[in-house]
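Residue numbers (my numbering), protein chains in the order written: chain S, 29 to 250; chain V, 5 to 230; chain G, 2 to 254.
Have a look at the structure below, then the notes.
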Amino acid sequence: MSLVTATIRRDLLLAARNPGEWLNPLMFFLMVVALFPLAVDPDPKFLARIAGGVIWVAALLATLLSLDALYKADVDDGTLEQWLASGESLYLLALGKALVHWLCSGLPLTIMAPVLGLMMALPNDAYWAMLLSLLIGTPILSLLGSVGAALTAGVRSGGLLLSLLILPMYVPVLIFAASAVYHAGLGMTYNGQIGFLGAMLALAVCLTPFAAAAALKLNLSR
Amino acid sequence: MLDRYDNNSVSLSATDLYCERDDRVLFESLSFAVGNGDLLQLAGPNGAGKTTLLRLLAGLNREYEGDVSWQGEALQDVFAEYAACRLYLGHLAGIKRALTPIENLRWLVSPWQAEAGIDDEQLWQALEQVELGGYEETPCNQLSAGQQRRVGLARLDVIPAPLWILDEPFTALDVYGVEWLEQRILQHINRNGAVIITSHHALQNIPSLQRLDLGALMANRRGGAA
Amino acid sequence: MWQWLVRLYHRLGSPKWFYELTSGWIFWLALVSVIGTVIGLTLGLLYAPADYLQGNSFRIIYIHVPAAIVAQSGFVMMAVAGAVFLIWRMKMAAWVARAIAPIGASMCLISLFTGAIWGKPTWGTWWVWDARLTSMLMLLFLYFGVMALQRAIESEEASHKAGAILSLVGLVNIPIIKYSVEWWNTLHQPATLKLTEKPSMAPDMLWPLLIMIVTTYVFFALLVILRTRNEILWQERKRSWVQQLPEMAGGKR
Chain S
29 MSLVTATIRR DLLLAARNPG EWLNPLMFFL MVVALFPLAV DPDPKFLARI AGGVIWVAAL
89 LATLLSLDAL YKADVDDGTL EQWLASGESL YLLALGKALV HWLCSGLPLT IMAPVLGLMM
149 ALPNDAYWAM LLSLLIGTPI LSLLGSVGAA LTAGVRSGGL LLSLLILPMY VPVLIFAASA
209 VYHAGLGMTY NGQIGFLGAM LALAVCLTPF AAAAALKLNL SR
Chain V
5 MLDRYDNNSV SLSATDLYCE RDDRVLFESL SFAVGNGDLL QLAGPNGAGK TTLLRLLAGL
65 NREYEGDVSW QGEALQDVFA EYAACRLYLG HLAGIKRALT PIENLRWLVS PWQAEAGIDD
125 EQLWQALEQV ELGGYEETPC NQLSAGQQRR VGLARLDVIP APLWILDEPF TALDVYGVEW
185 LEQRILQHIN RNGAVIITSH HALQNIPSLQ RLDLGALMAN RRGGAA
Chain G
2 MWQWLVRLYH RLGSPKWFYE LTSGWIFWLA LVSVIGTVIG LTLGLLYAPA DYLQGNSFRI
62 IYIHVPAAIV AQSGFVMMAV AGAVFLIWRM KMAAWVARAI APIGASMCLI SLFTGAIWGK
122 PTWGTWWVWD ARLTSMLMLL FLYFGVMALQ RAIESEEASH KAGAILSLVG LVNIPIIKYS
182 VEWWNTLHQP ATLKLTEKPS MAPDMLWPLL IMIVTTYVFF ALLVILRTRN EILWQERKRS
242 WVQQLPEMAG GKR
């Protein structure tokens with residue numbers, strides 16, 4: 029077993045031991061969505077219009093919340109040092125870490141989203157679009173976010189900083205994903221948006237692990 | 005249980021190293037070589053650059069001038085081969101506190117596992133050796149600091165790397181732990197392995213011990229220059 | 002040719018060389034900035050004809066557009082300087098990159114501010130989610146991110162590298178953000194009157210704009226050079242060449 033697979037296994041095991049780490053962002057996701065009808069208007073017609081956008085904004089914030097811890101513990105406990113000492117590809121490691129993050133945040137968010145769709149009176153036609161956009165879009169959030177997490181891993185109170193760095197980069201994902209859900213709700217096609225999300229995912233898989241790997245090395249020379 | 009290492013399996017040499025930190029020269033024109041059977045102890049006061057030099061030799065720190073070579077080739081060019089032959093134990097061991105010693109050890113040996121054919125049986129034995137028998141399935145956050153250190157040290161029994169690079173390995177160990185580790189280092193040297201170590205601990209029982217005192221080195225340089 | 006390039010590279014890497022070289026430039030850059038601004042604004046505000054749709058309010062273009070262009074190319078320059086630092090470890094490049102960040106962000110702010118002022122007479126409101134304004138807002142956020150990250154990391158070396166990595170990631174992202182914002186804008190009933198959407202400008206209108214764009218670039222260069230020189234003095238304050246500078250004499254005890 030190589031270090032990469034061992035790390036993926038170990039991180040999944042850690043997530044199983046500390047379920048709070050991935051459950052808390054999920055509850056946050058639920059609560060943020062619940063605020064919108066309270067704050068704005070519970071009228072189902074209105075909610076149906078904003079459902080896709082609200083669910084996506086909440087998913088994005090929940091992802092950011094869980095990203096902070098992605099590399100912090102690894103920097104603090106010497107795991108990072110062992111990675112660098114092993115001489116194994118940091119690109120693969122960064123990709124593996126992003127995968128674990130997605131399994132613990134994006135995937136449960138996607139699974140939970142239909143419930144929120146009910147609460148937000150999401151039009152029936154939009155459910156597949158929402159699931160599909162989350163399934164393709166949330167890995168991009170994990171990948172891009174892992175760059176920010178690697179950059180801020182050594183910074184005290186890096187969580188807020190991480191959000192500042194990464195939120196502007198999430199804008200394209202948000203635009204296309206929310207628009208896919210919205211258009212599906214109107215009964216229009218949304219292939220273009222999903223296609224664009226797919227292209228961004230391919231780009232993110234290719235490029236972001238390099239940036240994350242380069243950023244990880246910075247945390248060593250303290 | 006493990007055989008002797010071949011001659012010439014360890015050949016690490018440093019030539020004309022220069023390193024500065026925050027406009028302060030830590031060491032300069034520093035040259036030495038480490039081969040089979042050598043034990044090199046880096047000594048010096050706090051801030052003398054022991055850990056910096058150790059990490060430089062481990063290939064973790066690239067902010068230096070001069071050459072470090074492994075088997076005659078630049079360290080960075082043969083880093084994968086080098087990484088397979090040296091075991092680096094940092095100040096932090098890479099232990100996850102929520103996991104048990106055996107789970108942690110599985111992760112720690114994973115880069116070597118396939119090649120060296122390390123199986124779980126060996127890992128259980130190694131934990132037994134560092135007196136963690138009976139604690140194998142207890143999460144590390146319920147273990148003492150010394151016991152957590154031992155999880156990291158258990159690797160020494162399993163990973164077949166001829167060169168060990170150890171940063172303050174005696175920290176937090178009790179008398180028995182210190183004795184065990186000294187024995188382990190001696191055994192490694194006798195098996196023709198090599199060890200580079202930073203430690204305030206006096207390693208007396210090992211005849212081939214070389215000391216490199218960074219503090220004295222720089223003091224001499226300054227004295228010589230004045 | 003190659004040798005010349007290598008020599009140039011080594012020289013560029015030397016703070017002392019850069020400092021001495023640019024000492025003579027500051028006056029001329031400042032002069033060009035002042036003269037260019039006077040000529041450009043005089044032509045633009047007094048002599049250019051009024052726009053047939055927007056009347057006189059379009060004249061803010063002579064500030065708005067140059068600031069927006071320089072803010073965008075400033076980010077590119079910052080990322081390129083960061084890349085030079087990452088690849089060749091040239092410290093000077095890191096200092097230049099750090100010098101650019103707040104200036105680029107200020108240009109961004111200027112273009113957003115003038116955009117808002119322009120929006121009031123054009124759309125009757127200070128802010129409309131116009132594609133260009135939204136893109137500029139995102140660019141401002143990216144600048145803020147780079148600056149915040151550089152400030153947050155204590156180790157000098159690591160903070161330069163982190164800033165460089167982030168600006169490179171941002172650079173890859175900017176076209177994607179721009180495209181997505183433009184696409185989003187076309188969906189949501191774009192403002193009927195777009196700022197700066199002129200297929201052909203009358204030469205009387207265009208000339209002052211070109212002058213102002215060039216002038217703003219010169220002004221930007223002046224600010225970057227001044228900030229970089231400051232950084233050089235601070236970083237090299239212990240070196241003898243800095244302490245022997247005439248301008249440092251006052252600071253000596």
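C-beta: ideal position from N, C-alpha, C; glycine also.
Predicted model only: the values in this text are computed from it and were never measured.
**Asked** DSSP puts Tyr92(V) in a beta bridge; with which residues?
**Response** For the purposes of this step, residue 92(V) is identified with residue 88 of the second sequence, where counting begins at 1. DSSP lists Ile169(V) as partners of Tyr92(V).
**Prompt:** Assuming Ser136(G) and Met79(G) make a contact with CB atoms under 8 Å, what is their CB distance in whole Å?
**Reply:** The count along the third sequence starts at 1 and reaches residue 136(G) at position 135. The count along the third sequence starts at 1 and reaches residue 79(G) at position 78. That pair is no contact at about 17 Å.
**Message:** With the cut-off set at 8 Å, would you say Ser133(S) and Thr91(S) are in Cβ contact?
**Reply:** Here residue 133(S) is taken as the residue at index 105 of the first sequence, counted from 1. Here residue 91(S) is taken as the residue at index 63 of the first sequence, counted from 1. Cβ distance < 8 Å, so Ser133(S) and Thr91(S) count as in contact.
**Prompt:** What does Val183(S) reach in chain G if we use C-beta pairs closer than 7 Å?
**Reply:** By 1-based counting over the first sequence, the position of residue 183(S) is 155. What Val183(S) touches in chain G: Ala153 and Ile154.
**DSSP-derived helix/strand/coil call for Gln55(G)** = Along the third sequence, read from residue 1 onward, the residue named residue 55(G) stands at position 54. It is coil, neither helix nor strand.
**Prompt:** What are the boundary residues of the alpha helix (DSSP H) that Ile36(S) is part of?
**Reply:** The residue labelled residue 36(S) in the question sits at position 8 within the first sequence. Segment Leu31 to Arg45, the alpha helix (DSSP H) holding Ile36(S).
**Item:** Minimum C-alpha distance to Val147(G) - residue among Thr180(S), Ser170(S) and Ser174(S)
**Value:** Working through the third sequence from its first residue, we reach residue 147(G) at position 146. Measuring from the Cα of Val147(G), the nearest candidate turns out to be Thr180(S).
**Message:** When you compare the CB of Ala69(G) with every CB in chain S, is at least one pair closer than 8 Å?
**Reply:** Stepping through the third sequence from its first residue, residue 69(G) is reached at position 68. Ala69(G) does not count as touching chain S.
**Prompt:** Does DSSP put Tyr68(V) in a helix, in a strand, or in coil?
**Reply:** Stepping through the second sequence from its first residue, residue 68(V) is reached at position 64. Reduced to three states, the DSSP call for Tyr68(V) is coil.
**Item:** Trp185(G) at chain S interface by Cβ criterion, 8 Å
**Value:** Here residue 185(G) refers to the residue found at position 184 when the third sequence is read from its first residue. Yes, contact with chain S.
**Prompt:** From Ala163(G) to Gly75(G), what does the alpha carbon distance come to, in whole angstroms?
**Reply:** One-based indexing of the third sequence puts residue 163(G) at position 162. One-based indexing of the third sequence puts residue 75(G) at position 74. Roughly 18 Å between the two C-alpha positions.
**Request:** Can you tell me which of the three DSSP states Trp127(G) falls into?
**Result:** Counting from one through the third sequence, the residue named residue 127(G) turns up at place 126. If DSSP states are grouped into helix, strand and coil, Trp127(G) belongs with coil.
**Message:** Could you compute how far the alpha carbon of Lys253(G) sits from the alpha carbon of Ser241(G)?
**Reply:** The residue labelled residue 253(G) in the question sits at position 252 within the third sequence. The residue labelled residue 241(G) in the question sits at position 240 within the third sequence. Note on Lys253(G): pLDDT 47, under 50, position unreliable in the model; no value is reported.
**Item:** C-beta atoms of Val128(S) and Leu202(S) nearer than 8 Å
**Value:** In the first sequence, the residue the question calls residue 128(S) occupies position 100. In the first sequence, the residue the question calls residue 202(S) occupies position 174. Their beta carbons are not under 8 Å apart, which means Val128(S) does not touch Leu202(S) by this criterion.
**Asked** Quick one, which residues of the stretch 196 to 222 of chain S are near chain G if we go by CB-CB under 8 Å, in chain order?
**Response** Pro196, Met197, Val199, Pro200, Ile203, Phe204 and Ser207
**Asked** Starting from Tyr198(S) and walking both ways along the alpha helix (DSSP H), at which residues does that stretch end?
**Response** Working through the first sequence from its first residue, we reach residue 198(S) at position 170. Counting along the chain, the alpha helix (DSSP H) containing Tyr198(S) begins and ends at Gly186 to Gly213.
**Prompt:** Does the separation of the CB atoms of Pro173(V) and Leu185(V) fall below 8 Å?
**Reply:** Position 169 of the second sequence, counted from the start, is the residue given in the question as residue 173(V). Position 181 of the second sequence, counted from the start, is the residue given in the question as residue 185(V). Yes, they are a contact pair.
**Request:** Could you work out which residue in Phe204(S), Val103(S) and Ala242(S) is closest to Leu188(G) when comparing CA atoms only?
**Result:** By one-based count along the third sequence, residue 188(G) stands at place 187. That would be Phe204(S), whose Cα lies nearest to the Cα of Leu188(G).
**Request:** Indicate whether at least one CB of chain V lies closer than 8 Å to the CB of Asp96(S).
**Result:** Sequence index remark: in the first sequence, residue 96(S) carries index 68 (1-based). It does not; no Cβ of chain V falls within 8 Å.
**Message:** I want to verify the contact list: residues of chain S whose CB lies under 8 Å from the CB of Glu107(V), in sequence order.
**Reply:** For the purposes of this step, residue 107(V) is taken as the residue at position 103 of the second sequence. Within 8 Å Cβ-Cβ: Arg38 and Leu41.
**Request:** Scan the stretch 133 to 152 of chain G for residues whose Cβ lies nearer than 7 Å to a Cβ of chain S and list them as they occur along the chain.
**Result:** Met139, Phe142, Leu143, Phe145, Gly146, Ala149 and Leu150
**Request:** Would you verify that the beta carbon of Arg250(S) is, or is not, closer than 8 Å to some beta carbon of chain V?
**Result:** Against the first sequence, residue 250(S) aligns to sequence position 222. Because the pLDDT of Arg250(S) is 48, which lies under 50, any placement of that residue in the model is unreliable, and the number read from its coordinates should be weighed accordingly. Chain V contact via Cβ: absent.
**Asked** If you run the structure through DSSP and keep just helix, strand and coil, what is Ser24(G)?
**Response** By one-based count along the third sequence, residue 24(G) stands at place 23. If DSSP states are grouped into helix, strand and coil, Ser24(G) belongs with the helices.
**Item:** Proximal chain G residues relative to Met158(S), where beta-carbon distance stays under 8 Å
**Value:** Residue mapping note: residue 158(S) aligns to position 130 of the first sequence, counting from 1. Under the 8 Å cutoff, chain G gives no residues; its nearest Cβ is about 18 Å from Met158(S).
**Item:** Under the three-state DSSP convention, the category Gln75(V) falls into
**Value:** Taking the first residue of the second sequence as 1, we reach residue 75(V) at position 71. In the structure shown, Gln75(V) sits in coil (DSSP, three-state: anything other than H, G, I, E or B).
**Message:** I want to know whether the stretch 89 to 102 of chain G touches the stretch 53 to 73 of chain G - three or more CB-CB distances under 8 Å.
**Reply:** no
**Item:** Sequence-distant residues of the same chain with beta carbon closer than 7 Å to Ser112(G), five excluded per side
**Value:** Against the third sequence, residue 112(G) aligns to sequence position 111. Cβ neighbours of Ser112(G) beyond the five flanking positions: His65, Ala68, Ala69, Ala72 and Met137.
**Message:** Could you compute how far the alpha carbon of Ser160(G) sits from the alpha carbon of Lys245(S)?
**Reply:** Position 159 of the third sequence, counted from the first residue, corresponds to residue 160(G). Position 217 of the first sequence, counted from the first residue, corresponds to residue 245(S). Computed Cα separation, rounded: 12 Å.
**Asked** Where do the N-terminal and C-terminal ends of the alpha helix (DSSP H) with Ser74(G) fall, by residue?
**Response** Reading the third sequence from its first residue, position 73 is the one you call residue 74(G). Counting along the chain, the alpha helix (DSSP H) containing Ser74(G) begins and ends at Ile62 to Trp89.
**Straight-line Cα distance separating Arg8(V) from Ala243(S)** = Position 215 of the first sequence, counted from the first residue, corresponds to residue 243(S). Position 4 of the second sequence, counted from the first residue, corresponds to residue 8(V). Taking the straight line joining both Cα atoms gives about 40 Å.
**Asked** So which of Pro16(G), Ala153(G) and Val219(G) has the shortest CA-CA distance to Ala94(G)?
**Response** Position 93 of the third sequence holds residue 94(G). If we check each option's Cα against that of Ala94(G), Pro16(G) comes out closest.
**Item:** Reference Asn12(V), options Trp74(V), His95(V) and Asp26(V), closest by Cα
**Value:** Against the second sequence, residue 12(V) aligns to sequence position 8. Cα-wise, what sits closest to Asn12(V) is Trp74(V).
**Item:** Check whether Ala153(G) and Leu87(G) have beta carbons under 8 Å apart
**Value:** As a working note, residue 153(G) is residue 152 in the third sequence. As a working note, residue 87(G) is residue 86 in the third sequence. Result no, Cβ atoms of Ala153(G) and Leu87(G) do not sit closer than 8 Å.
**Asked** How many Å lie between Glu67(V) and Gly121(V) at the Cα?
**Response** Here residue 67(V) corresponds to residue number 63 of the second sequence, with the count starting at 1. Here residue 121(V) corresponds to residue number 117 of the second sequence, with the count starting at 1. Rounded to the nearest angstrom, the two C-alpha atoms are 35 Å apart.
**Beta-carbon neighbours of Met228(S), restricted to chain G and to distances below 8 Å** = One-based indexing of the first sequence puts residue 228(S) at position 200. Going along chain G in sequence order, the residues near Met228(S) (Cβ under 8 Å) are Ile177.
**Request:** Check each candidate in Leu34(V), Lys54(V), Ser212(V) and Phe31(V) and name the one with the smallest Cα separation from Leu170(V).
**Result:** Taking the first residue of the second sequence as position 1, residue 170(V) is located at position 166. Per the Cα distances, Lys54(V).
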